[in-house]
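Asker: Got a structure here, written out as structure tokens. Questions coming.
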Amino acid sequence: MVREAAEDRRGTPLRLNELKAHELLPMIRRKEVSVEEVVAAILHRISAIDSKIRAYITVAGEEALKKAKEADARLAGGEPARPLEGLPVAIKDNICTQGLRTTAASRFLEGFTPFYDATVVERLKDKGAIIIGKTNLDEFAMGSSTENSAMFPTRNPWDLKRVPGGSSGGSAASVIAGEAVCALGSDTGGSIRQPASFCGIVGLKPSYGLVSRYGLIGYASSMDHIGPMTRDVRDCALILGAIAGYDSKDSQSYPGELPDYTECLVPDIKGMKVGVPKEYLDEGLSGTVRDAFMKALDKLEELGAKVVEVSMPSLKHSLAAYYVISSAEASSNLARFDGVRYGYRATGSDDSMTMMAMSRGEGFGPEVKRRIVLGTYVLSAENYDKYFGEALRVRSLVTRDFREVFEVCDCLVGPTSPTVAFEAGEKTRDPLEMYLSDVYTVPPNLAGIPGVSIPCGFDEEGMPIGLQIMARQYNEEALLRAAYAFEQATEFHKRNPEIEKYTKEPAGGEMSV
Amino acid sequence: MSITKEDVERMSILARLELSEDEQSLFAEQLSEISRIIDSLAEVDTEDMDEMIFPSELGNVFREDTVLPSADPEEALSNAPDREDRFFKVPRILEVD
């Protein structure tokens, strides 16, 4: 099938914003296109449109071209192509890349260059992928719109007035705009799935521990995950397979055997039991998202799934538990940014304690400071049990509710976010408003279960809507199978934003092969 | 719960985080607002529930105590704001009479 799709394209221009890894890789393998051509086309695309989208903090153009030429030389010399040979990927800028600046979109790390690769980066490179650059995010991944970036906000490629979601907004925007073929994001409370939903792509948060966090700049360690952001479900399975698996450098790494995720891509969900938690259809859900979700349920039924309503009362307390736990862990994790070993150091103090407090005060943005203060507050002796202890007990409850529901359901579905992408500036004044954007995505982070967002519709203004599918811990197969069946029966993942209208110059959207 | 400016100031000292007067007032106001959802935790009946730290059943993970290569000192110092020889350099940490 892949071969046919690729052959159909021969002689016609390859449109970068329609390009999938599973189509591109066989073409590179058959030498129908060189890695250098692909990388050069992506870089051209970035230089033509990224001044409008602003997905990237750093573009590693020279290094990417060098790697591309090396790959072409190896292939020309008869060496076999590695699994991801020549695949241009974007990496969220809170994931460490050796020799390539990694800022977490914070002033504090503006000049930080890691001397080692995160495990996920090492695995992608070993398989032949080429790092195109580092994408924008909310500072230290704290936010839902990429407006908390200390560098600049990223725009939604579907409508530049709107946010791309967050915190992995740069990764999501880069993929849908054709500035990368695939990307990695990180997800602590929805930061992969919500921007995937806002930008109309596929974003997967794996089970806790399935993908190593070594080299991820930690925010809330008990809920941090790295995962793929791609144009379709097959690419998602491909990238997940490339990065998942045991790593001794992550103490919570899952030691079990893993399946070949591309093998569960069977478009058949007959008899699959799909639960809909009624708490996901509460008063906060917008009408257009509800309509699209209801149609998605009809589609799942049409495909033979048995859709049942379930109730998980603890879900309504998830957001509160999430903010207590994530802020507490953040206040502890971010203690490492002290201006001593790396990062920003304030001048004008003559003792170390003042230097640390000043460096942190000057180097962190408002959302980060607010969460450190909240985290310190809920961990203080007089509040510990009332807030932190209670949040951890609620977390047990949420996890138990999920476990019970998965005894009767193969997977759960709900909307990914209550609304479509909102306008820039709309929620920046009110942190609570912003937090509500994550209300449907935080429960899987509390419980450590996998969740994926896939496109399931568009509103009347053409903005994408996401469907979230969740499954039992380490059952990514059920998740991918349901996602694949839905995707193959719908057309939403084939629609593209009209990037060309934002630029007068040729947007580098096509590449002839 | 209502978080006061004094609470914010106290937390900022504990967290070694310098905040301006304006930031302290703003955060007190915003965190009091945010605490409305956090306070709802008290309504939940969690009597039989344990505190769940990690969403995995791995528990404590042990490894053999073997020596492995660690960072090269030059690499480890490569991002230092200030250094002297093979050391990170900081302003004074002790009071001098």
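Protein chains in written order, with this note's numbering: chain A, 67 to 579; chain B, -9 to 87.
The C-beta atom is built at its ideal place from N, Cα and C for all residues, glycine as well.
None of the values given here were measured: they were computed from a predicted structure.
Classify residue 422/A as helix, strand or coil using the three-state DSSP reduction.
Answerer: Position 356 of the first sequence, counted from the start, is the residue given in the question as residue 422/A. In this structure, residue 422/A counts as helix in the three-state DSSP scheme.
Asker: Can you name the start and end residues of the alpha helix (DSSP H) that residue 94/A belongs to?
Answerer: Mapped onto the first sequence, residue 94/A falls at position 28. Element bounds for residue 94/A: 87 to 95.
Asker: Mind checking whether residue 393/A and residue 344/A have CB atoms under 7 Å apart?
Answerer: Translated into the one-based positions of the first sequence, residue 393/A becomes position 327. Translated into the one-based positions of the first sequence, residue 344/A becomes position 278. Contact: no.
Asker: Given a limit of 9 Å on CB to CB distance, which residues of the stretch 408 to 422 of chain A reach chain B?
Answerer: From the stretch 408 to 422 of chain A, only 408, 409, 410, 411, 412, 415, 416, 417, 418, 419, 420, 421, 422 have a Cβ closer than 9 Å to chain B.
Asker: Give every residue of the same chain whose Cβ lies closer than 8 Å to the Cβ of residue 412/A, excluding the five residues on either side of it in the sequence, and list them in chain order.
Answerer: The residue you call residue 412/A lines up with position 346 of the first sequence. Answer for residue 412/A: 405, 421, 424, 425, 427, 428, 429, listed in chain order.
Asker: Should residue -2/B be flagged as near chain A, meaning a C-beta pair shorter than 7 Å?
Answerer: Residue -2/B sits at position 8 when you count from the first residue of the second sequence. Interface residue, yes.
Asker: Where are the beta strand (DSSP E) runs, 3 residues long or more, that stay fully inside the stretch 479 to 535 of chain A, in chain order?
Answerer: Here the runs fully enclosed are 517 to 524.
Asker: Residue 271/A: buried (16+ other C-beta within 10 angstroms of its C-beta) or exposed?
Answerer: Locating residue 271/A in the first sequence gives position 205, counting from the first residue. Buried, by the Cβ-count rule.
Asker: Output the distance between the C-alpha atoms of residue 127/A and residue 71/B, rounded to the nearest integer angstrom.
Answerer: Counting from one through the first sequence, the residue named residue 127/A turns up at place 61. Counting from one through the second sequence, the residue named residue 71/B turns up at place 81. Going from the Cα of residue 127/A to the Cα of residue 71/B covers about 27 Å.
Asker: Please confirm if residue 88/B has its CB atom under 7 Å from at least one CB of chain A.
Answerer: Limits of chain B in this structure are -9 at one end and 87 at the other, which puts residue 88/B out of reach.
Asker: From the DSSP output, in three-state form, read off residue 231/A for me.
Answerer: In the first sequence, residue 231/A corresponds to position 165, counting from 1. Of the three classes helix, strand and coil, the one that applies to residue 231/A here is coil, per DSSP.
Asker: Please check if any C-beta of chain A sits within less than 7 Å of the C-beta of residue 77/B.
Answerer: Numbered from 1 along the second sequence, position 87 holds the residue referred to as residue 77/B. Chain A, which has no Cβ nearer than 7 Å to the Cβ of residue 77/B, makes this no.
Asker: Given this structure, state the Cα-to-Cα distance separating residue 647/A from residue 201/A, to the nearest angstrom.
Answerer: Missing from the structure shown is residue 647/A; chain A here goes from 67 to 579 and no further.
Asker: If the cut-off is 7 Å on Cβ atoms, which residues from the stretch 454 to 480 of chain A count as contacting chain B, listed in chain order?
Answerer: Within the stretch 454 to 480 of chain A, the qualifying residues are 455, 456, 457, 458, 459, 460, 461, 462, 463, 465.
Asker: Give me the Cα-Cα distance between residue 322/A and residue 275/A, rounded to the nearest whole angstrom.
Answerer: Numbered from its first residue, the first sequence carries residue 322/A at position 256. Numbered from its first residue, the first sequence carries residue 275/A at position 209. For residue 322/A and residue 275/A, the distance between alpha carbons rounds to 10 Å.
Asker: Determine the burial state of residue 10/B: buried for a count of at least 16 other Cβ atoms within 10 Å of its Cβ, exposed for fewer.
Answerer: Locating residue 10/B in the second sequence gives position 20, where the first residue counts as 1. Burial call: exposed.
Asker: If you measure from the CB of residue 305/A, is any heavy atom of the ligand NAD nearer than 6 Å?
Answerer: The ligand NAD is absent from the structure shown, which contains no ligand whatsoever.
Asker: Spatial neighbours of residue 499/A within its chain, please: C-beta separation below 6 Å, excluding the five flanking residues on both sides.
Answerer: As a working mapping, residue 499/A is identified with position 433 in the first sequence. The residues are 493.
Asker: Just the chain A side, please: which residues come within less than 8 Å of residue 13/B by C-beta, in chain order?
Answerer: Sequence index remark: in the second sequence, residue 13/B carries index 23 (1-based). Neighbours of residue 13/B on chain A, chain order: 432, 435.
Asker: Is it buried or exposed for residue 555/A, if we count other Cβ within 10 angstroms and need 16 for buried?
Answerer: Taking the first residue of the first sequence as position 1, residue 555/A is located at position 489. Residue 555/A should be labelled exposed.
Asker: Could you list which residues in chain B have their beta carbon closer than 7 Å to that of residue 497/A, in chain order?
Answerer: Residue numbering aside, residue 497/A sits at position 431 when the first sequence is read from its first letter. 20, 24, listed in chain order.
Asker: Can you grab the Cα-Cα spacing for the pair residue 545/A / residue 326/A, in whole Å?
Answerer: In the first sequence, counting from the first residue as 1, residue 545/A sits at position 479. In the first sequence, counting from the first residue as 1, residue 326/A sits at position 260. Residue 545/A and residue 326/A: Cα-Cα distance of roughly 14 Å.
Asker: Cβ of residue 506/A within 7 Å of Cβ of residue 480/A?
Answerer: Taking the first sequence and counting its residues from 1, the one referred to as residue 506/A is at position 440. Taking the first sequence and counting its residues from 1, the one referred to as residue 480/A is at position 414. A contact, by the Cβ cut-off of 7 Å.
Asker: What in chain A is Cβ-close to residue 65/B, meaning under 9 Å?
Answerer: By one-based count along the second sequence, residue 65/B stands at place 75. Within chain A, the residues near residue 65/B are 181, 182.
Asker: Taking the runs of the alpha helix (DSSP H) that are 4 residues or longer, which of them lie wholly in the stretch 284 to 369 of chain A?
Answerer: Within the stretch 284 to 369 of chain A, the complete alpha helix (DSSP H) runs of at least 4 residues are 299 to 309, 353 to 368.
Asker: Only counting runs of 3 or more residues, tell me where the beta strand (DSSP E) segments fall wholly within the stretch 189 to 256 of chain A, in order along the chain.
Answerer: You should have 196 to 201, 248 to 253.
Asker: For residue 131/A, which residues of its own chain have a beta-carbon under 8 Å away from its beta-carbon, when the five flanking residues on both sides are left out?
Answerer: Looking up residue 131/A in the first sequence gives position 65. 102, 105, 106, 109, listed in sequence order.
Asker: Specify, as a first and last residue, the run of the beta strand (DSSP E) that residue 112/A falls within.
Answerer: The residue you call residue 112/A lines up with position 46 of the first sequence. Unbroken run through residue 112/A is the alpha helix (DSSP H), 101 to 119; no beta strand (DSSP E).
Asker: For residue 48/B, is the classification buried or exposed, using 16 other Cβ atoms within 10 angstroms of its Cβ as the cut-off for buried?
Answerer: In the second sequence, residue 48/B corresponds to position 58, counting from 1. Exposed: under 16 other Cβ atoms inside 10 Å.
Asker: Which partner residues does residue 270/A have in the DSSP bridge list?
Answerer: As a working mapping, residue 270/A is identified with position 204 in the first sequence. The partner list for residue 270/A (beta bridge, DSSP) reads 518/A.
Asker: Step through the CB atoms of chain A and report whether any lies within less than 7 Å of the CB of residue 45/B.
Answerer: If you number the second sequence from 1, residue 45/B lands on position 55. Yes, residue 45/B counts as interfacial toward chain A.
Asker: Which same chain residues end up closer than 6 Å to residue -8/B when comparing Cβ atoms and leaving out the 5 residues on each side of it in sequence?
Answerer: As a working note, residue -8/B is residue 2 in the second sequence. So the qualifying residues of the chain are 22.
Asker: Taking residue 156/A as part of the beta strand (DSSP E), name the residues at either end of that continuous run.
Answerer: In the first sequence, residue 156/A corresponds to position 90, counting from 1. Start and end: 154 to 158.
Asker: Please state the DSSP three-state secondary structure of residue -6/B.
Answerer: Stepping through the second sequence from its first residue, residue -6/B is reached at position 4. Coil at residue -6/B, not helix or strand.
Asker: Could you give the DSSP three-state label for residue 477/A: helix, strand or coil?
Answerer: What you label residue 477/A is simply residue 411 of the first sequence in a count that begins at 1. If DSSP states are grouped into helix, strand and coil, residue 477/A belongs with the strands.
Asker: Can at least three beta-carbon pairs, one atom from the stretch 255 to 271 of chain A and one from the stretch 229 to 240 of chain A, be found at a separation below 8 Å?
Answerer: With the cut-off at 8 Å, the stretch 255 to 271 of chain A and the stretch 229 to 240 of chain A touch.
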